[in-house]
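Protein chains in written order, with the working numbering: chain A, 1 to 76; chain B, 101 to 176. Cβ atoms here follow ideal geometry from the backbone N, Cα and C, with glycine treated the same way. All values reported here derive from a predicted model rather than from experimental measurement.
Have a look at this one:
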């Protein structure tokens with residue numbers, strides 16, 4: 001039984017996510033695992049030029065591939 | 101030929117990494133991919149209670165499993 005079904009107000013940081021493949025614009029990403037405030041893992045990217053924060057969908061293919069590449073530590 | 105071999109001064113944020121499995125203490129993690137300033141992907145965790153920043157080694161098994169779990173969006 002999730003918190004939401006108990007009527008508990010959840011506070012996810014991301015309201016919407018960017019679906020376009022913006023990998024080349026991203027300098028860092030922050031992973032926020034599902035927790036007592038939000039049922040979903042959230043990914044917040046910081047963009048290179050503007051330092052703007054953009055929410056990404058963890059289920060989207062290019063996001064998964066990007067995280068995998070970061071973890072494999074290859075720049076290509 | 102890496103930048104370091106060209107004698108270019110690299111500026112990684114992490115000087116040392118935490119090897120103990122501190123998954124239960126972590127609220128978020130920031131992934132900084134290898135870039136012109138640093139040859140290595142860096143992972144900086146923020147701790148729950150103190151908001152302290154701790155560097156993690158991307159090659160360590162429990163770190164890889166943690167990121168994988170975050171991406172699979174399961175709380176367990």
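| Check | Outcome |
| --- | --- |
| Cross-chain neighbours of residue 108 (chain A) in chain B, by beta carbon under 7 Å | Any answer about residue 108 (chain A) is impossible in this case: the structure gives chain A only from 1 up to 76. |
| Alpha-carbon to alpha-carbon, residue 39 (chain A) and residue 134 (chain B) | 30 Å |
| Sub-9 Å separation of residue 31 (chain A) and residue 42 (chain A) beta-carbons | yes |
| Given residue 230 (chain B) as reference, the closest of B:112, B:128, B:173 and B:166 once Cα atoms are compared | Outside the displayed range of chain B (101 to 176) lies residue 230 (chain B), so it cannot be described from this structure. |
| Nearest to residue 147 (chain B) (by Cα), restricted to the options B:111, B:122 and B:112 | B:122 |
| The stretch 12 to 33 of chain A: positions lying closer than 7 Å to chain B by Cβ | 28, 29, 30, 31, 32 and 33 |
| 9 Å Cβ cutoff, residue 164 (chain B) in contact with chain A | yes |
| Nearest-angstrom Cα separation, counted from residue 69 (chain A) out to residue 155 (chain B) | 19 Å |
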